[in-house]
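*Asks:* One structure is given below, represented as structure tokens, and several questions about it will come after.
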Amino acid sequence: MRKKAYRKIDIAGPGFINFTIANSMYRDALVSIRKQKTAFGTTEHGAEQRILIEFISANPTGPLNIVSARAAAYGDSLYRIMKRCGYRPEREFYINDAGNQVDILAESIELRYRELYNEDIGEFPVEAYHGQYVIDLAQKLKSIEGSRLIHVAERDRLEKMKEFALAQIMAMQQLSLERFDVEFDSWVSERVLRGQGTVEEILSFLTEAGCTYEMDEAVWFSASKFGDEKDRVLMKTDGSITYFVPDIAYHITKYQRGFDKMIDVLGPDHHGYIPRLKAAIRALKHDEEKLEIIFLQQVNLFDEGEKVKMSKRAGMIVTMDELIDVVGKDAARFFFIRRKPSAHLNFDLFLATQKSSENPVYYCQYAHARIHSILKKAKKENIDPDDFHTRNLKKLVRDDEMLLIKQLVDFPNVIIAAADNREPHRVADYVVELSGMFHKYYQKHTIVNKNYPDLSKARLYLITAVRDTLKNAFYLLGISAPKKM
RNA sequence: GCGCCAGUAGCUCAGCAGGAUAGAGCAACGGCCUUCUAAGCCGUAGGUCCGGGGUUCGAGUCCCUGCUGGCGUGCCA
346 MRKKAYRKID IAGPGFINFT IANSMYRDAL VSIRKQKTAF GTTEHGAEQR ILIEFISANP
406 TGPLNIVSAR AAAYGDSLYR IMKRCGYRPE REFYINDAGN QVDILAESIE LRYRELYNED
466 IGEFPVEAYH GQYVIDLAQK LKSIEGSRLI HVAERDRLEK MKEFALAQIM AMQQLSLERF
526 DVEFDSWVSE RVLRGQGTVE EILSFLTEAG CTYEMDEAVW FSASKFGDEK DRVLMKTDGS
586 ITYFVPDIAY HITKYQRGFD KMIDVLGPDH HGYIPRLKAA IRALKHDEEK LEIIFLQQVN
646 LFDEGEKVKM SKRAGMIVTM DELIDVVGKD AARFFFIRRK PSAHLNFDLF LATQKSSENP
706 VYYCQYAHAR IHSILKKAKK ENIDPDDFHT RNLKKLVRDD EMLLIKQLVD FPNVIIAAAD
766 NREPHRVADY VVELSGMFHK YYQKHTIVNK NYPDLSKARL YLITAVRDTL KNAFYLLGIS
826 APKKM
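Take the first sequence: its letters are residues 346 to 830, numbered as in the numbering used here.
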């Protein structure tokens, strides 16, 4: 017997024909969703393509800030979403633990350390790191080493301090990430990379390819031949290399590892840098199409409507930890993910603390919790949802029920669209919509009614699918699915 | 100057491949708790989708141009 797929077909204005899908089709779809259980939403769309997602990659010179928090929420969700639809993504953190900034960090600690022994260090330099954490680290160093370090040679002292500071700060950063439920598959250290001789290798590769030259006692890369607007320095006059070289080396290792696609999630301040990186990749004859850059636009922080100026060196930053303390992990992640990556993000700390209802994460989690308590109620009323045959789904006839099913059916496509457009916010929007539809449905109809056990079971069957889908989507966003609120 | 991102309700933002009357949350106003959680629901009000051209049966969406804001344009990372 063939079922009718359409309930009605009519002409609706110029150029529009409306097909109304038969309720039976929706019911069949619902059964299929329930049968898939937690696997619903999982597809093979990505065909196991290997994707490297590099994100955050903050300097280990201070606590993670709010910009890193946005990158963390974004990168991690993108990972989860891509994985769900059949890609094979990996998460990577590149540690810029070499170069100028790290040296400045060591010097900053050193000054604070000497200060603790009442040495006159004069004016604390502007370019040094001013944050309280630098003083804390100096103090910690003092409690471990005492005054011993005062007497060792300056070079050894700085080296020791650098080691200490890097280890401490990276541990701090990892702790913040843990609190944010963000994990990485690999950590790549710039120092290790440099130690492996890759820097020299890149320099000689580029020289062999004939794209370097010397001028003004520096070594240049002829980036302009490869699409950049001008040539770039590889080795400075003082013989040290620019950050550019290890960064090329790092990207070459990505190519060597054989990914189908590499995604760099970067802050907006890096976009002037991309043409030269792509130029180098082209010069070294790699496929630049495989490298995809996502720019997360900046985060503007406001407090009671006033813009908070942030500067890492001046120590005026709002840290990721502070954010989690104030608004909570779920709300913070949800807030970041709701904005599409290319949009600037205005974040008012005052609002976030004052009116938590402004954040729709509660709205969604509430829907999930509500369904749980309805199921609990059913149990109390001795209505067993498992004692149910799918032919009873004929009890579901209302438009809002069909609409709910339609929304559920959409879920796998939302995941695919979010993955392919690199836009996790689509999943967040989906969740808000599904939650809203459920809240309305709940308000309008009694789900558990012992006078109508068959109808109750049919509705329980439906809302269980809603609950599972919500939970499923929450996971993709990295937020919790509370059973009670 | 050049490049990138943005400009949609009072505020923060969605709007998928161009489709029907442009949506949500917050803020404002008026209702709904003896019934599965009121962190919810219903209703009212609020818009020249930055301006101007163009493509099309049809443009918030695409093209050109102008304006405004942010960022970038280092032998810093």
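Quick reminder that beta carbons are idealized off the backbone N, C-alpha and C, glycines included. In this text the structure is predicted, and so the values were computed from the model without any measurement.
(1) Considering only DSSP beta bridges, list what F364 is partnered with.
(2) Label A516 either buried or exposed according to how many other C-beta atoms from any shown protein chain fall within 10 Å of its C-beta, with 16 as the threshold for buried.
(3) Identify the residues that DSSP records as bridge partners of R433: which are they?
(4) Can you list, in chain order, the stretches of the alpha helix (DSSP H) that have 4 or more residues and sit fully within the region 529-596?
(5) According to the neighbour-count rule (16 or more other Cβ atoms, all chains shown, within 10 Å of its Cβ), is G407 buried or exposed?
(6) When burial is assigned at 16 or more other CB atoms within 10 Å of the CB, is S780 buried or exposed?
(7) Using alpha carbons as the reference points, say which of K507, K685, Y478 and K829 lies closest to T664.
(8) May I have the straight-line CA-CA distance separating I761 from R395, to the nearest angstrom?
(9) Could you check whether the region 518-532 touches the region 665-685, counting it as contact only if at least three pairs of C-beta atoms, one from each stretch, sit closer than 8 Å?
(10) Can you find the residues in the same chain that come closer than 8 Å, C-beta to C-beta, to L461, ignoring five residues on each side of it along the sequence?
(11) Can you tell me whether V663 is helix, strand or coil according to DSSP?
(12) Which one of T387, L520 and L456 has the shortest CA to CA distance from R502?
(13) Could you check where the beta strand (DSSP E) with N691 kicks off and where it finishes?
(14) Report the rounded CA-to-CA distance for A826 versus F819, giving the unit in angstroms.
(15) Which whole-angstrom value is the C-beta distance of P686 and R767, which I expect to be below 8 Å?
(16) Pick helix, strand or coil for I466, following the three-state DSSP scheme.
(17) Please check the pair G431 and N817, which I expect to be a contact at CB under 8 Å, by giving their CB distance rounded to whole angstroms.
(18) If you draw a straight line from the alpha carbon of V793 to that of I750, how long is it in whole angstroms?
(19) For I669 versus I638, is the C-beta spacing smaller than 8 Å?
(20) Could you give the distance in angstroms between the alpha-carbon of V537 and the alpha-carbon of L636?
(21) Thinking L815 and H717 are a contact (beta carbons under 8 Å), I'd like their distance in whole angstroms, please.
(22) Just to confirm the assignment: which complete alpha helix (DSSP H) runs, minimum length 4, are found wholly within the region 732-801?
(23) The alpha helix (DSSP H) with V447 in it runs from where to where?
(24) Could you tell me the alpha carbon to alpha carbon distance between G584 and D605, rounded to whole angstroms?
(25) Alpha helix (DSSP H) containing V706: first to last residue?
(26) Below 8 Å between beta carbons: does that hold for L611 and I593?
(27) Determine the contact status of I401 and A416, defining contact as a CB-CB distance below 8 Å.
(28) First and last residue of the beta strand (DSSP E) that includes F640?
(29) How far does the alpha helix (DSSP H) with K829 in it extend, from its first residue to its last?
(30) Can you tell me where the alpha helix (DSSP H) holding I608 begins and where it ends?
(31) Do A625 and F566 have their C-beta atoms closer together than 8 Å?
(32) DSSP three-state label for N817, please.
(33) So, at 8 Å on beta carbons, what are the nonlocal neighbours of M346 in its own chain, with the 5 sequence-adjacent residues on each side left out?
(34) Report the residue from V412, P798, K630 and K599 whose alpha carbon sits nearest the alpha carbon of F733.
(35) For V479, name the three-state secondary structure that DSSP assigns.
(36) Since E399 and Y439 should fall inside the 8 Å C-beta cutoff, what is the C-beta to C-beta distance between them, to a whole number of angstroms?
*Replies:* Working from what's here:
(1) Locating residue 364 in the first sequence gives position 19, counting from the first residue. F364 is bridged to I354.
(2) By one-based count along the first sequence, residue 516 stands at place 171. When all chains shown are included, A516 counts as exposed.
(3) Sequence index remark: in the first sequence, residue 433 carries index 88 (1-based). According to DSSP, which records beta bridges pairwise, R433 is partnered with R395.
(4) 535-540 and 543-553
(5) Along the first sequence, one-based indexing puts residue 407 at 62. So G407 counts as buried.
(6) Along the first sequence, read from residue 1 onward, the residue named residue 780 stands at position 435. Buried.
(7) One-based indexing of the first sequence puts residue 664 at position 319. Closest by alpha carbon: Y478.
(8) Within the first sequence, residue 761 is the residue found at index 416, counting from 1. Within the first sequence, residue 395 is the residue found at index 50, counting from 1. Cα-Cα distance, rounded: 16 Å.
(9) yes
(10) Residue mapping note: residue 461 aligns to position 116 of the first sequence, counting from 1. Answer for L461: A483, Q484 and K487, listed in chain order.
(11) Here the question's residue 663 lines up with position 318 in the first sequence. V663: coil per DSSP, three-state reduction.
(12) As a first step, residue 502 is located in the first sequence; it is residue number 157 there, counting from the start. Checking every option, the nearest Cα to that of R502 belongs to L456.
(13) For the purposes of this step, residue 691 is taken as the residue at position 346 of the first sequence. Element bounds for N691: L690 to D693.
(14) The count along the first sequence starts at 1 and reaches residue 826 at position 481. The count along the first sequence starts at 1 and reaches residue 819 at position 474. Using only the alpha carbons, I get a separation of about 7 Å.
(15) On the first sequence, position 341 is the one that residue 686 refers to. On the first sequence, position 422 is the one that residue 767 refers to. That belief holds up - the Cβ atoms of P686 and R767 are roughly 7 Å apart, short of 8 Å.
(16) Locating residue 466 in the first sequence gives position 121, counting from the first residue. Three-state DSSP puts I466 in coil, outside helix and strand.
(17) As a working mapping, residue 431 is identified with position 86 in the first sequence. As a working mapping, residue 817 is identified with position 472 in the first sequence. Contact doesn't hold; Cβ gap of about 15 Å is too wide.
(18) Taking the first sequence and counting its residues from 1, one reaches residue 793 at position 448. Taking the first sequence and counting its residues from 1, one reaches residue 750 at position 405. Their Cα atoms are separated by approximately 19 Å.
(19) Here residue 669 refers to the residue found at position 324 of the first sequence. Here residue 638 refers to the residue found at position 293 of the first sequence. It is not a contact, given that the beta carbons lie outside the stated cut-off.
(20) Residue mapping note: residue 537 aligns to position 192 of the first sequence, counting from 1. Residue mapping note: residue 636 aligns to position 291 of the first sequence, counting from 1. When rounded, the distance between both Cα atoms is 23 Å.
(21) One-based indexing of the first sequence puts residue 815 at position 470. One-based indexing of the first sequence puts residue 717 at position 372. Incorrect: roughly 10 Å between the Cβ atoms, too far for contact.
(22) 744-765 and 770-789
(23) Locating residue 447 in the first sequence gives position 102, where the first residue counts as 1. It spans N445 to L461 - the alpha helix (DSSP H) in which V447 sits, taken as one unbroken run.
(24) Taking the first sequence and counting its residues from 1, the one referred to as residue 584 is at position 239. Taking the first sequence and counting its residues from 1, the one referred to as residue 605 is at position 260. Their Cα atoms are separated by approximately 36 Å.
(25) One-based indexing of the first sequence puts residue 706 at position 361. That run of the alpha helix (DSSP H) goes V706 to K725.
(26) For the purposes of this step, residue 611 is taken as residue 266 along the first sequence, with counting starting at 1. For the purposes of this step, residue 593 is taken as residue 248 along the first sequence, with counting starting at 1. Cβ atoms of L611 and I593: not closer than 8 Å.
(27) Counting from 1 along the first sequence, the entry for residue 401 is found at position 56. Counting from 1 along the first sequence, the entry for residue 416 is found at position 71. It is a contact, given that the beta carbons lie within the stated cut-off.
(28) Position 295 of the first sequence holds residue 640. That run of the beta strand (DSSP E) goes L636 to F640.
(29) Residue 829 sits at position 484 when you count from the first residue of the first sequence. Counting along the chain, K829 falls outside any alpha helix (DSSP H), and DSSP gives it neither H nor E.
(30) Start at 1 with the first residue of the first sequence, and residue 608 comes out as number 263. Looking at the DSSP string, I608 is not in any alpha helix (DSSP H); the run it does join, the beta strand (DSSP E), is K606 to L611.
(31) Mapped onto the first sequence, residue 625 falls at position 280. Mapped onto the first sequence, residue 566 falls at position 221. It is a contact, given that the beta carbons lie within the stated cut-off.
(32) Taking the first residue of the first sequence as position 1, residue 817 is located at position 472. Three-state DSSP puts N817 in a helix.
(33) By 1-based counting over the first sequence, the position of residue 346 is 1. Residue confidence is low: M346 scores 38 on pLDDT, short of 50, so the model does not pin down where it sits. No coordinate-derived value is stated.
(34) Locating residue 733 in the first sequence gives position 388, where the first residue counts as 1. For the residues V412, P798, K630 and K599, the minimum Cα distance to F733 belongs to P798.
(35) Within the first sequence, numbered from 1, the residue matching residue 479 stands at position 134. Here V479 sits in helix by DSSP.
(36) One-based indexing of the first sequence puts residue 399 at position 54. One-based indexing of the first sequence puts residue 439 at position 94. Indeed they touch by this definition, with Cβ atoms about 6 Å apart.
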